[in-house]
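Enquirer: Numbering-wise, the numbering used here puts 259 at position 252 of the sequence shown, and it's gapless, one number per residue. The C-beta atom is built at its ideal place from N, Cα and C for all residues, glycine as well.
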Amino acid sequence: MAMASVVPMDANAGLVHPVDTTLLAAPDREIEVFSRVSPDASREEVLETLRRASLEVRRRGIQTVGAAKAGHIGGEFSISDALVTLYLAVLNVSPEQVEAGDPDRDRLVLSKGHAANALYTVLAAAGFISPQALRTFLQPESMLNGHPARNKVKAVEANTGPLGHGLPIAVGMAIAGELDGSDRRTFVLLGDGELQEGSNWEALMTAGSRHLSRLVALVDRNRLQQGAAVADTNDLEPLADKLRAFGWEVLEVDGHDHGALLDAFESAPAASGKPTFIIAHTDKGHPVSYMRDNVAWHHKVPTPEQVTQALEELDALMNSKETAQ
Ligand SMILES: Cc1ncc(C[n+]2csc(CCOP(=O)(O)OP(=O)(O)O)c2C)c(N)n1
Ligand SMILES: [Mg+2]
């Protein structure tokens with residue numbers, strides 16, 4: 008019998024057990040680890056790194072879901088560009104800061120916690136967890152649960168999964184940052200279907216009335232929730248007007264355009280002193296042809312043939328040097 012190879016979870020010793028990495032099929036290659044973009048890099052270089060990293064993250068992400076036979080690939084692909092932009096070019100957070108518990112590190116809350124696999128893959132690409140750990144996704148005793156758990160992964164700032172909790176948590180974090188006199192920023196990523204949860208609107212009201220200028224929320228506006236369109240379930244429009252009425256600075260961007268995302272994130276804190284809300288227009292499943300904008304892919308599992316096709320499409324985009332838009 009072959010010896011099982013085991014991933015030591017150094018950063019989480021005592022919290023999680025080592026997991027047998029032979030449980031999930033190995034990918035065709037481990038994900039590349041990108042360092043945070045250098046402050047000296049040109050904008051062109053920054054955007055090229057984000058473009059490549061976003062394709063790599065999707066490549067590895069669909070292999071993980073295919074191997075684990077579970078996941079939320081559509082909503083993982085719609086939020087991948089925002090996550091990559093944040094971890095590689097925006098957030099003031101490093102693996103060392105997380106390890107040391109630096110109170111001034113920026114915070115990110117993935118409120119749409121069902122996209123956990125995208126978060127883990129970006130954390131691996133940014134050096135916060137080992138690329139090999141991705142092979143343990145959803146396995147018994149793995150630190151990589153189907154929804155992010157902060158007691159298992161140190162770089163995870165809040166447990167999420169039940170929709171409607173991340174924004175209220177982030178508001179609390181932003182208030183705590185002000186009380187601490189810290190310059191840290193708090194970012195929270197939401198789903199558009201998630202915005203139907205009433206708890207968000209209490210949190211939006213609190214953030215607006217308290218002028219939490221160092222709080223940045225982004226909604227993954229892919230127009231689809233689980234099994235139906237958002238507009239056919241409980242319409243959010245006119246969303247930007249509602250958010251402005253709640254005291255937020257509102258920006259609308261193409262959520263797959265790294266340059267636009269970068270500019271939007273960097274515009275906060277706004278001169279107005281209001282919290283910033285970014286409506287990121289995206290496609291669920293972007294950019295894979297059979298998945299894009301198709302509600303079935305909320306949590307459908309790709310067959311091995313569909314994984315292969317997605318890898319071919321992603322590799323073609325990687326090689327063509329075109330943007331994936
Ligand atoms: C309170 C709560 N109700 C229901 C669910 C089950 N659920 C998980 S994802 C999802 C759809 C969310 O849609 P959206 O926020 O638009 O996510 P995205 O399109 O970004 O995947 C639902 C209903 C949940 N996680 N939490
Ligand atoms: Mg959605």
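Compute the distance between the beta-carbons of Ala-210 and Val-178, then report whether it is under 8 Å.
Expert: Cβ distance < 8 Å, so Ala-210 and Val-178 count as in contact.
Enquirer: Check Ile-285 in the structure and name its three-state DSSP category.
Expert: Note: Ile-285 maps to strand in three-state DSSP.
Enquirer: Closer than 7 Å: is that where the CB of Asp-199 sits relative to any heavy atom of ligand 2?
Expert: Yes.
Enquirer: Please classify Asn-152 as buried or exposed, where buried requires at least 16 other C-beta atoms within 10 Å of its C-beta.
Expert: Buried, by the Cβ-count rule.
Enquirer: CA-CA distance, Phe-284 and Arg-142?
Expert: Using only the alpha carbons, I get a separation of about 34 Å.
Enquirer: Can you tell me whether Ala-132 is helix, strand or coil according to DSSP?
Expert: It is helical.
Enquirer: Enumerated in chain order, which unbroken segments of the beta strand (DSSP E) with a length of 3 residues or greater are wholly contained in the stretch 232-270?
Expert: Runs of the beta strand (DSSP E) inside the stretch 232-270: 256-261.
Enquirer: Quick one: is Asp-242 buried, meaning 16 or more other Cβ sit within 10 Å of its Cβ, or exposed?
Expert: Asp-242 should be labelled exposed.
Enquirer: If you follow the beta strand (DSSP E) that Ala-224 is part of, which residue opens it and which one closes it?
Expert: Where Ala-224 is concerned, the enclosing beta strand (DSSP E) stretches over 222-228.
Enquirer: Which residues bound the beta strand (DSSP E) around Phe-144?
Expert: No beta strand (DSSP E) holds Phe-144; DSSP gives it neither H nor E.
Enquirer: Quick check: does the Cβ of Asp-227 come within less than 7 Å of any heavy atom belonging to ligand 2?
Expert: Yes, ligand 2 has a heavy atom inside 7 Å of this Cβ.
Enquirer: For Phe-194, which three-state DSSP category applies?
Expert: DSSP places Phe-194 in strand when its eight states are reduced to three.
Enquirer: Is Ser-149 a contact residue of ligand 1, with contact defined as CB to any heavy atom under 7 Å?
Expert: Every heavy atom of ligand 1 is 7 Å or more from the Cβ of Ser-149, so no.
Enquirer: Just verifying my parser: in three-state terms, what is the DSSP assignment at Arg-114?
Expert: Here Arg-114 sits in strand by DSSP.
Enquirer: Assuming Ile-80 and Trp-304 make a contact with CB atoms under 8 Å, what is their CB distance in whole Å?
Expert: That pair is a contact at about 6 Å.
Enquirer: For the alpha helix (DSSP H) containing Val-105, name the first residue and the last one.
Expert: Residues 102-107.
Enquirer: Out of Leu-318, Ala-275, His-288, which one is the CA nearest neighbour of Ser-296?
Expert: Closest option to Ser-296, Cα to Cα, is Leu-318.
Enquirer: Whole angstroms is fine: what's the gap from Asn-326's alpha carbon to Leu-57's?
Expert: Each residue's alpha carbon lies about 15 Å from the other.
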